[in-house]
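Engineer: Supplied in structure tokens, the structure appears directly below.
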Amino acid sequence: MGNVTTGKLKYTAAIVGIPNVGKSVIFNKLTGGKAWVGNWPGVTVEKKVGRFRSEEINAEIEVVDLPGIYSLTAYSIDELIARNFIIEEKPDVVVIIANAANLERSLYLVLSIMELEANVVIALNMVDIARSEGYEILHDKLERILGVPVIPTIAVSNVGIEELRKSIINSIKKRTSRVKVVSYGKDLEEIISEVKEILVRASHELTVKYPPRWLAIKFLEGDEDVTTKIRRYVDNTMLTELMRLKRKAEEIIGDIEEYVTEVKFKRAIEIARLVTKHISLTAKMNVTDILDTILTHKVLGIPLALSIMYLLFRFAFELSAPLSDGIDVLINGVLRDWVKSLGFMPTWLTSLLADGVIAGVGAVLVFLPVIALFFFVLSILEDIGYLARLAFVIDKVLHKFKLPGKSIIPLIMGFGCNVPAVMATRAIEDEKDRKVTALIAPLSSCSARLPVYLTIAGAVMGAYAAAAVTSMYWLSIVLALIMGLFFRKTILRGPTTGFIMELPPYLVPRVDNVLMKTWERTKHFLIKAGTVIFVGVIIVWLLSVTGPSGYLGPEALENPDILSESWIGVLGKAFSVLTSPMGWDWRTTAALIFGFIAKEIIVGSLGVLLGASEESLREVLSHVFTPLSGFTYMVFVLVYVPCIATLASIRSELGMKYAIITALYQVILAYVLALIISCIGGILIG
Amino acid sequence: MVKNKSLLIAASLFAFILGLTYIASGSLCIYNWIVTSLINNTAILERFIPQDPWLGIVLISIGLTYNASAYYLMRGNMVLSIASLLVGGGLAVIIMSLQVLATLAYAVDAIITNEELKLNNVVDNLLRIDGVLGYVSLIPFFLGYKFYKEIRG
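First to last, the protein sequences are chains A and B. If you read the first sequence in the working numbering, its first letter stands for residue 1, the second for the next number, and so on. If you read the second sequence in the working numbering, its first letter stands for residue 1001, the second for the next number, and so on.
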């Protein structure tokens, strides 16, 4: 642990709090919004690190944003990450963001973290909301009871941030930590002391590394992670003695974990009661109560959820048109013409740049405004607090399909990207629930598929384009539910678990926060366009200008007869035997092959194989597809094999067997669906 | 408490009638989509009622929410009645604003791509059913907001 007297140049502050407490806002305010995003070692849970400088101690404070958690059990990966970081990395200060509007829940986490003997500072956030609900938190009294600094904040309005920064510095200067935060009663306390003594005697290394009292409590609770650690350091005789004490405690108390949770929660409620002062005699009706009566209504909740999702897509789809056209004019018009006019370059290089890179990457980049607007509205819905309601409303439907309520979170995340969606299934405790959710998560229509829908729908659906694109999202949800039920009734039988969720209060979204989230999410799309898609379109270009007979030249891209002799022609024609019942051109079939790398590459490949800019691509596509074959193509793209990154994450989460199952069932399902839609559509249209 | 209960009754009644109009319009959107896409028939009032099933669902949802305002007032639940006015009105106003923004986007797009800006299209877009009903919805929305402020005290 660092001490300012040691003259360290860098200190670490960890930020932790329950979900929706304003943790990210405080992180951004402290660090000025500059963050390095990576993964926690060995797992793919996002890790955000930022910095701020303190002249007072002449050092840099590294701020680590820990995952949003409710407790410190070993059941979910997020909670394990947080507690292991606090114990093993020993940050100089742990900043706990508490919710003043729901103090009991936050205090439970505060007490759990204090048991880790961490140097704690509490940011009591949302004091304005607590006040609007008719009560005030006496932060001085809370500070006295807990023995740690408590700073009231309204993070979204920048209130209390400077005081919090000062308190972090002060806490670094004079470290404090409390060993005993909660008393678990005479009987259990005696056993805790005995276990602690044995652990101290057994291994000095172990008790220096981990707080002994916390180790003792967790061991008695039966925490698997802690028990494994103890086994590593303690010999068999002492372990037998420890097990005897554990049994003794169980005989007296019963379920230790349940008892410890209950005592700690009672203490949290007691403290909350002591520090809460009611400032109005009658509780005021707040906007959250009023809106929730309708937005989470048992009858109106679902149609309103459908309406709000429609608004999200329509906003992104209709308002992005001028911006997309502007980018198209710039990239595929001005830039492409300029590259083509450069006479000093060899023909192959001009073709590679103009017909490969610019046509391919450009065809994807024109969708940047759609993606950005989509994430913009999604961030607004998230900041308002509506996404949590959406999960709550849809939870009832999920249970009818034997899916766990918690699976809604990965499914919603999947609309952004399937990779974090698969990772998010770790929050589901039950193994079968987790597996079934990971298997259906790739059916969520990720943002990478959106450019494909927009291109095809824009080309052949006319006035129905927005409706067709929206249909893909609803179809993805319906398919996920059906496949979930299918897996639940076949390979993953068993009961589903319940879902406890805290609904955050409705808040007016902050422009800076929404813009930052939009940028964070859109940035991934831009990075992908500059890396994976860039390489992908070069491969497509190479396979288009070469064939079994050798180099065919850039002419192949202008002459379909020559193109059909290329490698891509050979591949496309081979696969088109299967796709001809759906009425797809062999070039559109070939583009699907590359969608395995990343779904956006399909548009880039179509750009290279069929034409050029978005406008001319749409023009060509309107001749290649009919509305029916275009729609079946969209459905196929929605369902068929997930991208390579998603498959890799399924492999790392569930093993190779499940990655293969996912790839196979999705390809089969996509093919069968496309075929059925083609047949039924053909009969209806005549 | 609401200061003028008669005004709340009048607002709920107005919302009820508006709700029925929304439900009828939403049903027509779905009907128009079915007849034009699947039966090859002519759509009803096609200039003003789009052939969009999802918009149909949205309009019906708004209509049901408006109707809930009258339903809950009849059952004596003032809070739910006001909440229905607020949510139904809010959603209707957002849909209308989106239609106005989409019309603006169409105009800007025409300028960027150097295409002819058809004034007829602009007027048709602004007078589309979700636009027109949205302008009318400003009344229940603002009344709902006024009642909300009153019950918050």
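Even for Gly, the Cβ is constructed at its ideal location relative to N, Cα and C. Bear in mind the structure is a predicted one, so any value in this text is a computation, not a measurement.
(1) If you pair each beta-carbon of the region 182-195 of chain A with each one of the region 139-152 of chain A, do three or more pairs fall below 8 Å?
(2) When DSSP labels each residue in this structure, what does A:GLY254 get in the three-state scheme?
(3) Does the distance from the C-beta atom of A:VAL452 to that of A:LYS599 stay below 8 Å?
(4) Can you pull the chain A residues whose beta carbon is under 8 Å from the beta carbon of B:ASP1109, in chain order?
(5) Would you identify the three-state DSSP class for A:GLU89, choosing helix, strand or coil?
(6) Take A:MET483 and list the residues in its own chain whose beta-carbon comes closer than 6 Å to its own, dropping the five residues that flank it on each side.
(7) For chain B, is any of its Cβ atoms less than 8 Å away from the one on A:THR347?
(8) Touch check for the region 407-419 of chain A and the region 550-561 of chain A: three-plus C-beta pairs under 8 Å?
(9) Could you tell me the alpha carbon to alpha carbon distance between A:GLY687 and A:ARG521, rounded to whole angstroms?
(10) Give the secondary structure of A:ILE169 by DSSP, where H, G and I count as helix, E and B as strand, and everything else as coil.
(11) Between the C-alpha atoms of A:HIS139 and A:PHE392, what's the straight-line distance to the nearest angstrom?
(12) Just how far apart, CA to CA, sit A:ILE677 and A:SER629?
(13) What's the gap between the Cα of A:ILE384 and the Cα of A:SER605?
(14) Go to A:GLU558, then tell me how far its alpha helix (DSSP H) extends in each direction, as first and last residue.
(15) Which residues, in order along the region 1105-1135 of chain B, keep a beta-carbon less than 7 Å from a beta-carbon of chain A?
(16) Which runs of the alpha helix (DSSP H) fall wholly inside the region 1028-1054 of chain B and span at least 4 residues, in chain order?
(17) For B:PRO1053, go through chain A and note every residue whose CB falls closer than 7 Å to its CB, in chain order.
(18) Helix, strand or coil for A:HIS297? Go by DSSP, reduced to three states.
(19) For the alpha helix (DSSP H) containing A:ALA687, list its first residue and its last residue.
(20) Could you tell me whether the Cβ of B:VAL1087 comes closer than 8 Å to any Cβ of chain A?
(21) Please state the DSSP three-state secondary structure of A:ALA13.
(22) Once you ignore the five residues that flank A:GLY356 on each side, which residues in its own chain have a CB closer than 7 Å to its CB?
(23) When the Cα atoms are used, what is the spatial distance from A:ASN3 to A:ARG201?
(24) Judging by CA-CA distance, which residue of A:VAL120, A:LEU116, A:LYS573 is the nearest neighbour of A:GLU88?
(25) How would you label A:TYR184, buried or exposed, when you count the other beta carbons within 10 angstroms and need 16 or more for buried?
(26) Using a Cβ-Cβ cut-off of 6 Å (strictly less than) and excluding sequence neighbours within five positions of A:PHE575, which residues of its own chain qualify?
(27) Assuming A:VAL16 contacts A:ILE96 (C-beta within less than 8 Å), just tell me the rounded distance between them.
(28) Going by CA-CA distance only, name the one from A:PHE344, A:LEU295, A:ASP585, A:ILE18 that's closest to A:ILE122.
(29) Please confirm if B:THR1021 has its CB atom under 8 Å from at least one CB of chain A.
(30) Is it buried or exposed, A:ASP255, if we count other Cβ atoms within 10 angstroms and call 16 or more buried?
(31) Got a sec? Which residues, its chain only, sit under 6 Å from A:GLY333 by beta carbon, not counting five neighbours each side?
(32) Are B:ILE1111 and B:PHE1048 closer than 8 Å when you measure CB to CB?
(33) Can you tell me the Cα-Cα spacing of A:ILE290 and B:ILE1060, whole angstroms?
(34) Would you mind reading off the limits of the beta strand (DSSP E) that contains A:GLU60?
(35) Which residue from B:LEU1045, B:SER1012, B:LEU1013, B:ASN1041 puts its Cα closest to that of B:GLY1026?
(36) Tell me the DSSP secondary structure of A:TYR310 in three-state form.
Structural biologist: In short:
(1) no
(2) coil
(3) yes
(4) ALA321, PRO322, ASP325
(5) helix
(6) ILE440
(7) no
(8) no
(9) What is shown of chain A runs 1 to 686, which leaves residue 687 of chain A out entirely.
(10) helix
(11) 32 Å
(12) 9 Å
(13) 38 Å
(14) First-last for A:GLU558: undefined, no H or E at that position.
(15) ALA1105, VAL1108, ASP1109, ILE1112, THR1113
(16) none
(17) ALA467
(18) coil
(19) Chain A is shown only over 1 to 686; residue 687 of chain A falls outside these bounds and no answer can be derived.
(20) yes
(21) strand
(22) VAL537, ILE538, TRP541, VAL608
(23) The predicted position of A:ASN3 is uncertain, since its pLDDT is 44 and thus under 50; no value can be drawn from it.
(24) A:LEU116
(25) buried
(26) THR589
(27) 6 Å
(28) A:ILE18
(29) no
(30) exposed
(31) none
(32) no
(33) 22 Å
(34) 59-65
(35) B:LEU1045
(36) helix
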